[in-house]
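Asker: The listed protein sequences derive, respectively, from chains A and B.
Quick note on this note's numbering: the first sequence kicks off at 485 and runs consecutively.
Quick note on this note's numbering: the second sequence kicks off at 485 and runs consecutively.
2 protein chains.
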Amino acid sequence: MTIPQSEELNLLHVHICQALSDPTRLQILYALHDKPRNVTAIAKLLDTPQSTISRHLAVLRQRSLVTSKRDGMAVNYSLSYPRIITVLDMMREVLREALEQQSQAVQ
Amino acid sequence: MTIPQSEELNLLHVHICQALSDPTRLQILYALHDKPRNVTAIAKLLDTPQSTISRHLAVLRQRSLVTSKRDGMAVNYSLSYPRIITVLDMMREVLREALEQQSQAVQ
DNA sequence: TTTGGTTATCCGGCTATCCGAATAAGCAGA
DNA sequence: TCTGCTTATTCGGATAGCCGGATAACCAAA
Numbered sequence: 485m486t487i488p489q490s491e492e493l494n495l496l497h498v499h500i501c502q503a504l505s506d507p508t509r510l511q512i513l514y515a516l517h518d519k520p521r522n523v524t525a526i527a528k529l530l531d532t533p534q535s536t537i538s539r540h541l542a543v544l545r546q547r548s549l550v551t552s553k554r555d556g557m558a559v560n561y562s563l564s565y566p567r568i569i570t571v572l573d574m575m576r577e578v579l580r581e582a583l584e585q586q587s588q589a590v591q
Numbered sequence: 485m486t487i488p489q490s491e492e493l494n495l496l497h498v499h500i501c502q503a504l505s506d507p508t509r510l511q512i513l514y515a516l517h518d519k520p521r522n523v524t525a526i527a528k529l530l531d532t533p534q535s536t537i538s539r540h541l542a543v544l545r546q547r548s549l550v551t552s553k554r555d556g557m558a559v560n561y562s563l564s565y566p567r568i569i570t571v572l573d574m575m576r577e578v579l580r581e582a583l584e585q586q587s588q589a590v591q
């Protein structure tokens with residue numbers, strides 16, 4: 485067998501990738517990488533309705549990608565595993581090189 | 485502004501993540517990392533209908549994650565950027581550690 | 001040019017996801 | 001406890017994704 489991964493891990497992996505496949509959620513993750521923020525702050529920063537942001541944060545929370553902590557009236561969100569940003573950056577790096585190769589191939 | 489990424493790259497990034505958020509497609513990528521294979525071989529390996537595999541390969545091809553090359557009667561598929569597997573493995577690594585932490589926290 | 005192995009596409013139908021307005025729920029300070 | 005700020009959830013509806021059987025398209029060998 486050439487597929488050594490456990491079924492379980494595979495499904496979790498899919499879950500994570502699915503969480504990452506939305507432009508707003510990616511932006512949220514990068515915003516939280518910059519610094520922890522509350523819902524309203526993120527909503528303003530991304531110019532997106534509060535309900536939308538809250539829903540996206542719920543997705544990220546369920547997948548354990550972000551952690552919430554109440555701070556006075558607000559709820560502060562932060563990255564659970566900052567290394568996930570490294571992974572995202574690596575992905576972008578591969579993407580960037582792929583684009584370069586393609587543009588060269590066109591010429 | 486704390487979100488330095490270009491709109492464009494962001495959408496491409498989402499596209500890639502979306503391609504990665506299906507268990508069958510992940511299995512296909514790992515199978516191709518093992519060695520290049522044709523559609524029928526993948527279908528047999530994963531015990532999945534040929535049409536389903538072909539559809540998934542089309543998605544991966546559109547996203548430039550795999551490359552196809554005709555070889556006699558068959559079409560051989562291979563990874564365009566093997567480094568994507570490194571990225572996937574890193575993601576799994578973060579995931580594994582997250583699981584460990586959670587299981588410890590439960591105790 | 002016919003045959004048979006291989007791959008891509010079409011089809012109908014189901015499920016999942018996303019959206020923003022509206023509303024409910026939580027909580028701290030007066 | 002009432003007020004007001006913050007966050008979570010509900011709602012209806014639109015869009016996108018996935019599935020596998022059937023069929024079409026491709027191509028090499030006879």
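Even glycine gets a Cβ: it sits at the ideal position worked out from N, Cα and C.
#1: If you measure between the beta carbons of B/LEU516 and B/VAL559, is that distance less than 8 Å?
#2: A/ARG567 touches chain B at which residues, Cβ-Cβ below 7 Å?
#3: Going by the CB atoms, is the gap between A/ILE500 and B/MET574 shorter than 8 Å?
#4: Report yes or no: is there a C-beta of chain B within less than 8 Å of the C-beta of A/THR486?
#5: Under DSSP, the beta strand (DSSP E) around B/SER549 begins and ends at which residues?
#6: So, does the CB of A/VAL571 fall closer than 8 Å to a CB anywhere in chain B?
#7: Kindly provide the ranges of any beta strand (DSSP E) runs that are 3 or more residues long and lie completely inside the segment 515-561 of chain B, ordered along the chain.
#8: Which word fits A/SER535, buried or exposed, when buried means at least 16 other C-beta atoms lie within 10 angstroms of its C-beta?
#9: Closer than 6 Å by C-beta to A/LEU530: which residues in its own chain qualify, once you throw out the five before and the five after it? Chain order, please.
#10: When burial is assigned at 16 or more other CB atoms within 10 Å of the CB, is A/GLU491 buried or exposed?
#11: Anything in chain A within Cβ reach of B/LEU504, meaning under 7 Å, just list it in chain order.
#12: Check the Cβ of A/LEU510 against every Cβ in chain B and list those closer than 7 Å, keeping chain order.
Answerer: According to the structure data:
#1: Counting from one through the second sequence, the residue named residue 516 of chain B turns up at place 32. Counting from one through the second sequence, the residue named residue 559 of chain B turns up at place 75. Contact: no.
#2: Reading the first sequence from its first residue, position 83 is the one you call residue 567 of chain A. Neighbours of A/ARG567 on chain B, chain order: VAL578.
#3: Translated into the one-based positions of the second sequence, residue 574 of chain B becomes position 90. Translated into the one-based positions of the first sequence, residue 500 of chain A becomes position 16. For B/MET574 and A/ILE500, no; Cβs fall outside 8 Å.
#4: Along the first sequence, read from residue 1 onward, the residue named residue 486 of chain A stands at position 2. Because A/THR486 carries a pLDDT of 40, less than 50, the predicted location of this residue cannot be relied on, and the following value inherits that uncertainty. For A/THR486, the answer is yes, since a Cβ of chain B falls inside 8 Å of its Cβ.
#5: The residue you call residue 549 of chain B lines up with position 65 of the second sequence. One point to set straight first is that residue 549 of chain B is Leu, not Ser, in the sequence displayed. Run containing B/LEU549: none; DSSP gives neither H nor E here.
#6: The residue labelled residue 571 of chain A in the question sits at position 87 within the first sequence. Yes - at least one Cβ of chain B is within 8 Å of the one on A/VAL571.
#7: 550-555
#8: Within the first sequence, residue 535 of chain A is the residue found at index 51, counting from 1. Answer is exposed; the Cβ neighbour count stays below 16.
#9: Residue numbering aside, residue 530 of chain A sits at position 46 when the first sequence is read from its first letter. If we look at A/LEU530 and ignore the five residues flanking it on each side, its Cβ neighbours are GLN511.
#10: What you label residue 491 of chain A is simply residue 7 of the first sequence in a count that begins at 1. A/GLU491 should be labelled exposed.
#11: For the purposes of this step, residue 504 of chain B is taken as the residue at position 20 of the second sequence. Within 7 Å Cβ-Cβ: CYS501.
#12: Taking the first residue of the first sequence as position 1, residue 510 of chain A is located at position 26. Within 7 Å Cβ-Cβ: ASN494, HIS497 and VAL498.
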